[in-house]
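Written below as structure tokens is the structure these notes are about.
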Amino acid sequence: MIGLGIESTAHTFSCAVIEKKGKSGKILSDIRKIYRPPEGEGIHPREASRHHIENSSTVLSDCLKESKITIKDLDLVSYAGGPGLGPCLRVGAVVARSLASYYKIPIYPVNHAIGHIELGKLLTGAKNPLVLLVSGGHTMLLAFLNKQWRVFGETLDITLGQLLDQFGRSLGFASPCGKNIEQLAQTSSKYTPLPYSVKGNDVSFSGLLSATKSIVSKSKADACFSLQETAFAMISEAVERALSFTGKKELMIVGGVAANKRLSEMLKDVCKRHGARFFVVPLKFAGDCGSQIAWTGILESQVKKGVLLQNTFVTQSWRLDSVKIDY
Amino acid sequence: MKLIKKGAEADIYVTEWQNSDAILKIRKSKNYRNPILDKNLRKQRTIKESQTIMEVKSFGIPAPLVYFVNLEKSSILMQRIPGKPIHDLPDSKVITLAKQMGNLVGMLHQNGIMHGDLTTSNFIFFQNKVYVIDFGLSQKTIKPEDHAVDLRLIKEILNSAHAKIMEKAWKNFLTGYRSVVGTARYLKIIKLVSEIESRGRYATVV
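Those sequence lines, one after another, are chains R and V.
The numbering of the first sequence is this note's numbering, which starts it at 4 and goes up by one.
The numbering of the second sequence is this note's numbering, which starts it at 1360 and goes up by one.
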């Protein structure tokens, strides 16, 4: 079975083809074009969607070329139905709908966040993990129970990705800024105490963001270092709580911030303490990509028929714990 | 000394103190954490926990007795409550005890204390009584918003760890809570809980 996935929730427009044989999936191609806002600014939804429209046909044809298949070989097409930026989501949906209606291919809207988790499971081989989803759109701790992903902890305000991006932008970096902050943090080891806010299994970052901005004038590097140390320690504590509460023996970290080495290092230590195995999604597939959509679409197609064209929605706010999972 | 639980925050040992069973709770240093941050957190929480336990006992919340506090080692020696966490009890029992949990949380709030880590593992059922433990994240506060954060947390836990019985348990919990804090306060807090939820990521805004 061969599926095409189209991702366009935020800054990335990506198409990917995955072939499923038995239980395993093979990524035949995964092509991306990423919208880069000017330095010091965030994603402008209209500009991002324009970028996606302009690049959609090249990305799609490159993706098919690399996978060495034609559209006629596709058994299904899936697209990210949400959550994400409305104008961006619509681009992916339009491309998917056009293919589906012209070539009569079954179509599946897919939850972007579930995509991160399912692709993570495929690539790391984790069986029944506690999932830490950390990206620009999510900061959540999840475990699977009763056909649904259940939230054991999450951010009460902004996400870890937003924290890093908004702080990074105030320093003049362009989003996503995680990498810049990580590099700058490596040059310092001077810790300035910052607000540490863990509420049970939940975390809150907004106070930390303001406080970090206020210490920047002394040293940018120290601020980056202290921000990472504090924010990641908060996440690690929430993870520890969730591990000990759920008794899970695996931890999987997915989403864009999974690329951060310091965070991985801290979580590895957490896992060691709790005798849990640690899985991190390969760097190339940590951020948004078509593969996460393609693979989840394929899984959906095992238990469901394609959606009628008039029901191919996009939803900016689509919580992953509202999705029933039958595969 | 026998290790019985490697918790998120601390390691729990069973030991003895003056011929009675005791729990030694040690907040161990964590390698992954920056040393300054680590030291601050462990010290603050040890103080907070021992102070709050003594305070809540004074207005009748069943909680372990504190025997000894060692700030150097961030450890607390306290009475052992040999019951079972509500988390591990059968569903039907969780539903009935939810009301009592609500009662206890109501009492804490009435006396200006936010627990800060309300999970079903932090209530222990022993000899027909429910004990409250783990006050490391507690705060002295009468702000309605803080109390609402407490309720939201236990709601989230019921929703995830006790999904099958969530509705019944949550209803009982609220009945218990309401009977202590009174209807006016209850309505105010409940409204704030939905407000906090609606602030969450991608929440369905009602």
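The beta-carbon is built from N, C-alpha and C at its ideal position, and this holds for glycine as well.
Sorting R:G250, R:S213, R:T190, R:V242 by C-alpha distance to the C-alpha of S222 (chain R) places R:T190 at the top. When rounded, the separation of the alpha-carbon atoms in I1555 (chain V) and K23 (chain R) is 42 Å. Linking Y1372 (chain V) to M1437 (chain V) through their CA atoms gives a straight-line distance of about 10 Å.
A distance below 8 Å separates the beta carbons of L133 (chain R) and L144 (chain R). In the DSSP assignment, D33 (chain R) forms a beta bridge with R:A19. Taking CB atoms only, K1550 (chain V) has no neighbour in chain R less than 8 Å away. For F155 (chain R), the nearest CB of chain V lies under 8 Å from its own CB, placing it at the interface with that chain. Around the C-beta of L1496 (chain V), 16 or more other C-beta atoms lie within 10 Å, and the residue is accordingly described as buried.
Taking 8 Å as the threshold, the shortest C-beta distance from Y82 (chain R) to chain V does not fall below it. In the DSSP assignment, N1462 (chain V) falls within the unbroken alpha helix (DSSP H) covering 1450-1469. With a cutoff of 8 Å on beta-carbon distance, L197 (chain R) and L166 (chain R) are scored as not near each other. Between the C-alpha atoms of G139 (chain R) and S60 (chain R) there is a straight-line separation of about 26 Å. Here the alpha carbons of V257 (chain R) and I120 (chain R) stand approximately 7 Å from one another. Between the alpha carbons of I1516 (chain V) and K71 (chain R) lies a gap of roughly 48 Å. Looking only at V:V1552, V:K1527, V:L1512, V:K1550, the smallest Cα-Cα distance to R244 (chain R) is reached by V:L1512. Contacts with chain R at 8 Å (Cβ-Cβ) include E1515 (chain V). Residues of the region 1454-1482 of chain V that bring their beta carbon within less than 7 Å of a beta carbon in chain R comprise G1475, D1476, L1477, T1478, S1480, in sequence order. Under the three-state reduction of DSSP, N58 (chain R) is assigned to helix.
Scanning R:E42, R:M4, R:L67 for the CA closest to the CA of G293 (chain R) turns up R:L67. When Cβ pairs closer than 8 Å are counted between the two stretches, the region 266-280 of chain R is seen to touch the region 238-253 of chain R, the count reaching three or more. Under DSSP, Q1438 (chain V) forms a beta bridge with V:A1381.
In this structure, the straight-line span from the alpha carbon of S1417 (chain V) to that of W1376 (chain V) is close to 22 Å. Listed along chain R is no residue with a C-beta nearer than 9 Å to that of K1527 (chain V); the closest approach is about 16 Å. When secondary structure is reduced to three states using DSSP, N1481 (chain V) falls in the helix class. Using a Cβ-Cβ cut-off of 7 Å, V1508 (chain V) is close to K202 of chain R, given in chain order. Here the alpha carbon of H1506 (chain V) sits roughly 8 Å from the alpha carbon of T1500 (chain V).
N131 (chain R) and L311 (chain R) have their alpha carbons spaced roughly 33 Å apart. Contact fails between the region 1428-1446 of chain V and the region 1465-1473 of chain V, because fewer than three Cβ pairs, one in each stretch, are under 8 Å apart.
Counting only runs of 3+ residues, the beta strand (DSSP E) found wholly inside the region 133-173 of chain R occupies 133-137, 142-148, 151-157, in chain order. Identification of chain R residues near K1365 (chain V) by a Cβ-Cβ cut-off of 8 Å yields S247, R276, H277, ordered along the chain.
Within 9 Å of the CB of A1381 (chain V), no CB atom of chain R is found; the nearest one sits about 21 Å away. Around S52 (chain R), the same chain offers P90, C91, V94 as residues with beta carbons nearer than 6 Å, after the five sequence neighbours per side are excluded. Per DSSP, V317 (chain R) has no beta bridge partner at all. With 16 or more other CB atoms across the displayed protein chains lying within 10 angstroms of its CB, D1397 (chain V) is buried. The region 103-120 of chain R makes contact with the region 298-317 of chain R; the number of CB pairs closer than 8 Å reaches 3 or more. As computed with DSSP, G28 (chain R) is found in a beta bridge with R:K23.
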